[in-house]
Amino acid sequence: MLKVEALEASYGDSQVLFGVDFAIGKGEVATLLGRNGMGKTTTVHTIMGLVKARGGRVLVEGRDVTGAPPYRIAQAGLGLVPEGRQIFSTLTVEENLIATAAARFGAARWTLERVYALFPRLKERCANMGNQLSGGEQQMLAIGRALMTNPRLVILDEATEGLAPLIRHEIWDCLKKLKAEGEAILVIDKNVDALASFADRHVILEKGRVVWSGSSAALLTDPELKDRYLHV
Ligand SMILES: Nc1ncnc2c1ncn2[C@@H]1O[C@H](COP(=O)(O)OP(=O)(O)OP(=O)(O)O)[C@@H](O)[C@H]1O
Ligand SMILES: [Mg+2]
């Protein structure tokens, strides 16, 4: 589904990624973990073509998309829910959802109705402007907007950051539902325990390198891992 090989990236002269490797299979949920500034967002942005890869390759279903423009990479099947959500504040909920449908790839698996079934709250708010939504509703909209492109893999950068506990659980429940429906997901989130309850695989980044990867069971049974790589 997604294969990242020896990915390297820099901002100006300062190198941030040093050969990041991982893969996500069909229907799998993987996480990207690590403390602040370790390169999670940069990894995702390099995958999406928003940051130029200095080395390595990004393969989507075996197709090399390294260096392709972001819209091409989206069309190849990667749907990003960006850090900070970036919904259109002067468009309605429904207009936000329709706006990305232009980038649709293949069969229209995701429709407005299906997004509204996943997030009934968005249906209630369909005529509200983006800037009239709560943080949780904005995140639901950002997820819905990514789904409307019919991605083969949904990528969430900081899935629940800044949200109230109740809303966080709603977002995690939504990810579990998506997994149950066969969607592949790459999720960044600081709440390791919540992710470990449903993710298949975890990848820990430290200073732009993968320092550990493994299953939820392996992650949960090794308290030293959390102390060493995840706690502030
Ligand atoms: N636009 C940029 N220009 C220069 N340096 C940057 C830029 N964005 C990130 N960096 C640097 O690259 C490194 C990795 O940052 P990145 O945002 O990928 O980390 P992160 O793991 O997503 O952190 P966080 O958990 O805080 O979101 C950090 O040292 C950061 O300061
Ligand atoms: Mg980040």
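Residues 191 to 422, numbered by the numbering used here, are exactly what the sequence shown covers, in order.
By construction, the Cβ of each residue, glycine as well, lies at the ideal position given by its N, Cα and C atoms.
Test: residue i CB closer than 8 Å to a CB of chain B
i, result
"residue 215", "Reference to chain B is not applicable here, since this structure consists of a single protein chain."
Pick from the options that is closest to residue i, judged by C-alpha positions
i, options, result
"residue 331", "344, 277, 345", "277"
"residue 285", "263, 316, 307, 311", "316"
"residue 246", "203, 275, 198", "198"
"residue 251", "386, 352, 356, 343", "343"
"residue 420", "222, 371, 191, 306", "222"
"residue 335", "366, 271, 363", "271"
"residue 253", "206, 195, 200, 305", "195"
"residue 364", "219, 243, 287", "219"
"residue 371", "304, 273, 211", "304"
Outcome for residue i when other beta-carbon atoms lying within 10 angstroms are tallied against a minimum of 16
i, result
"residue 340", "buried"
"residue 328", "buried"
"residue 314", "exposed"
"residue 373", "buried"
"residue 324", "exposed"
Other residues of its chain near residue i: CB distance less than 7 Å, five sequence neighbours each side excluded
i, result
"residue 260", "238, 239, 240"
Proximal residues to residue i (C-beta, below 8 Å), its chain only, five neighbours per side dropped
i, result
"residue 280", "319, 320, 321"
"residue 228", "395, 396, 397, 398"
"residue 230", "222, 223, 224, 347, 378, 395"
**Study point:** Touching by the beta-carbon criterion (3+ pairs, under 8 Å), the segment 302-311 and the segment 256-269
**Key:** Touching, no.
Review point. Where in the segment 336-375 do unbroken runs of the beta strand (DSSP E), each at least 3 residues long, occur, reported from the N-terminal end onward?
Key: At a cut-off of 3 residues, the continuous stretches assigned as beta strand (DSSP E) that sit fully inside the segment 336-375 are 343-346.
Review point. On the three-pair Cβ rule with 8 Å, is the segment 341-352 touching the segment 368-382?
Key: Below 8 Å, enough C-beta pairs join the segment 341-352 and the segment 368-382 to call them touching: three or more.
Check your understanding: Are the segment 201-218 and the segment 386-395 touching, with three or more C-beta to C-beta distances below 8 Å?
Key -> The segment 201-218, when compared against the segment 386-395, does touch it at the 8 Å Cβ threshold.
Practice item. Ignoring anything shorter than 3 residues or poking outside the segment 198-238, list the beta strand (DSSP E) runs there in chain order. Key: With a minimum length of 3 residues, the continuous beta strand (DSSP E) runs that stay inside the segment 198-238 are 204-214, 219-223.
Check your understanding: Could you give the uninterrupted runs of the alpha helix (DSSP H) lying entirely in the segment 374-401, keeping only those of 4 residues or more?
Key -> Within the segment 374-401, the complete alpha helix (DSSP H) runs of at least 4 residues are 382-386.
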